[in-house]
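Asker: Counting in our numbering, the sequence shown runs without a single skipped number right up to 94 at its last residue. The beta-carbon is built from N, C-alpha and C at its ideal position, and this holds for glycine as well. Sending over a structure as structure tokens; questions will come in a sec.
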Amino acid sequence: MNQEKEQFKNNLKKVAAEQGSRQAISYEDLFNPRFMQKNTSFVTIDVFVKELGAKSFPDIDHLDKKIVDQFVKKETRFNSWEEMQQRAINEYMTSLF
-2 MNQEKEQFKN NLKKVAAEQG SRQAISYEDL FNPRFMQKNT SFVTIDVFVK
48 ELGAKSFPDI DHLDKKIVDQ FVKKETRFNS WEEMQQRAIN EYMTSLF
């Protein structure tokens, strides 16, 4: 999961650089309500996090990867948490242009 987390962080940095800003992109911007409603059975990322059993978005990193992936596969259009993150980043980057 550390490799996935690093890849996710690197992708966020790339997005921030493309915006000409050093600000990090918030998870609410990546997993916006439109993305969540289109791709999951949840209205917002916060509801997703709560139903997953995490106290907050960063706490997802502390959950067992298999449990997170099973939840994602059951409740979303994705097969893994990594795939869901990548799609969110791709859609966010596309929306910038």
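1) I need the straight-line Cα distance from Ala85 to Gln4, nearest angstrom please.
2) Enumerate, from N- to C-terminal direction, the unbroken alpha helix (DSSP H) stretches of 4 or more residues contained entirely within the segment 47 to 75.
3) Assign Phe28 to buried or exposed, taking buried as 16 or more other Cβ atoms, counted over all protein chains shown, within 10 Å of its Cβ.
4) Quick check: the Cα distance between Ser77 and Ser92, rounded to an integer number of angstroms?
5) Nearest to Lys71 by alpha carbon, out of Asn36, Asp43, Ile57 and Leu60?
6) Is it buried or exposed for Asn87, if we count other Cβ within 10 angstroms and need 16 for buried?
7) Rounded to whole angstroms, what's the CA-CA distance from Ile100 to Pro30? Just pull it up for me.
8) Classify Thr37 as helix, strand or coil using the three-state DSSP reduction.
Answerer: Taking the geometry as given:
1) A straight line joining the alpha-carbon of Ala85 with that of Gln4 spans about 13 Å.
2) You should have 62 to 72.
3) The residue in question, Phe28, is buried, as its Cβ has 16 or more Cβ neighbours within 10 Å.
4) When rounded, the distance between both Cα atoms is 23 Å.
5) It is Asn36 whose Cα lies nearest to the Cα of Lys71.
6) It is exposed - the Cβ of Asn87 has fewer than 16 other Cβ atoms within 10 Å.
7) The first residue shown for the chain is -2 and the last is 94, placing residue 100 beyond what the model contains.
8) Thr37: strand per DSSP, three-state reduction.
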